[in-house]
Amino acid sequence: MESLYDHAGGHDGLHRFVDIFYADVLSDPLLQPLFGAGRPEHVAHLTAFTAETFGGPDTFSRDMGGFLGLIDVHRGLRITEPQRRRFVELYMAAADRAGLPDDAPFREALRSHVEFGTQVAVQNSHAETDDQLHPLREVPHWDWPASAE
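This note's numbering numbers the first residue of the sequence shown as 796 and each following residue consecutively.
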């Protein structure tokens, strides 16, 4: 079975998706305060992170600071549950607008990926000490849901 990365259209498909998503986040009144004016490298970083988690190249871990850098970026943001839910909503809507595959197994994997990732981000954003951080310390690897095998 092909990887989620290949199924999503590889780097080009994921970059198109993340570019749409990031523009939505920056214009959303609930999420924009977390992102400020935005960072030019954010689309490349989120694309590389998603690619790596979906079975693509390890560019995020190798060249972009990896997961420990991601933890540092989220610490102190104090992400709320409404912000987390809105992030998931915009993420899934961007998948539609970017033309990512809409088959049920892929969308189930995409949703579980963003749900898990946002839960980790919320926990890390509230951590005042290292022992309050989520135990995950490396880029997770996502695969097809068991129902697709």
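Using N, Cα and C, we set each Cβ at its ideal position, and we do this for glycine too.
For D819, the uninterrupted alpha helix (DSSP H) segment begins and ends at G805 to L821. For Y886, the CB contacts under 7 Å within the same chain, skipping 5 residues up- and downstream, are F816 and V909 in chain order. A straight-line Cα-Cα distance of about 28 Å links L931 and A832. Around the beta-carbon of L865, 16 or more other beta-carbon atoms lie within 10 Å, marking it buried. A straight line joining the alpha-carbon of L895 with that of F812 spans about 7 Å. Assignment of alpha helix (DSSP H) within the segment 846-913, counting only whole runs of 4 or more residues, yields 854-858, 861-869 and 876-892 in chain order. A916 and R870 have their C-alpha atoms spaced approximately 8 Å apart.
Within the same chain, Cβ atoms closer than 8 Å to the Cβ of S907 are found at W937 and P940, the five residues on either side in sequence being excluded. Distance check between A893 and each of Q827, I874, H806 and R881 places H806 closest, using alpha-carbon atoms only.
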